[in-house]
Amino acid sequence: FAGAFEKGLVVKLARDVSGALFSSALNDELKPRLKSSPEGEKILSEFGKLFQNRKLKKGTTVYFTWIQPDTLYVGVSDGETPATPNSTFVSGFFASRLFDVYLGEKSVSPSLKASIADHLHV
Numbered sequence: 001f002a003g004a005f006e007k008g009l010v011v012k013l014a015r016d017v018s019g020a021l022f023s024s025a026l027n028d029e030l031k032p033r034l035k036s037s038p039e040g041e042k043i044l045s046e047f048g049k050l051f052q053n054r055k056l057k058k059g060t061t062v063y064f065t066w067i068q069p070d071t072l073y074v075g076v077s078d079g080e081t082p083a084t085p086n087s088t089f090v091s092g093f094f095a096s097r098l099f100d101v102y103l104g105e106k107s108v109s110p111s112l113k114a115s116i117a118d119h120l121h122v
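Next up, the structure:
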């Protein structure tokens, strides 16, 4: 996922979950990946606020769009694709660490990573 092109991840929730729990789970995965960056820690705090007070129902979709080199758009929708992102984060380092959670060497879901790889068309 290191190429200089736009990348997107779509996470569709399979069950109801609080925004705080969703945020906490991502935080647990991102924190070790950001340990070498004070900038990353600051953005992680802001990133968590996006989800904290939300009730994420089954079927809610979270869109992550990484525009190279350093812009990450995040959209949360319980219906249609959001026309505009809910938040924008300007940090290529943070965006790469977020994508690493799903696509990196220590992916949170190796089966998801394999499935994505199976569906890539080059």
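In UniProt numbering, the protein residues as written are 1 to 122. Built from N, CA and C at the ideal position, the CB exists for glycine as well. Note that the coordinates shown come from a computational prediction; the quantities given were computed from them, not determined experimentally.
- Taking 7 Å as the cut-off, the Cβ atoms of V76 and E29 do not count as close.
- Taking C-beta separations shorter than 6 Å and ignoring five residues to either side along the sequence, the partners of T65 in its chain run G8 and Y73, following chain order.
- Counting other Cβ atoms within 10 Å of its Cβ, V62 reaches 16 or more and is therefore classed as buried.
- Burial state of L34 is buried, judged by a 10 Å Cβ sphere holding 16 or more other Cβ atoms.
- Taking 7 Å as the cut-off, the beta carbon of F22 is found closer than this to the beta carbon of F51.
- For the pair L56 and L98, the CB atoms are not nearer than the 7 Å cut-off.
- Apart from the 5 residues on each side of it in sequence, V10 sits with its Cβ closer than 7 Å to the Cβ of T61 and Y63 in its chain, given in chain order.
- A distance below 7 Å between beta-carbons, with the five flanking residues on each side excluded, links V108 to the following residues of its chain, in chain order: E29, V101 and Y102.
- Looking at the backbone, the Cα of A95 and that of R15 are separated by about 25 Å.
- For L98, the three-state secondary structure derived from DSSP is helix.
- For L9, the secondary structure class from DSSP, reduced to helix, strand or coil, is strand.
- G40 carries a helical assignment under DSSP once its states are collapsed to helix, strand and coil.
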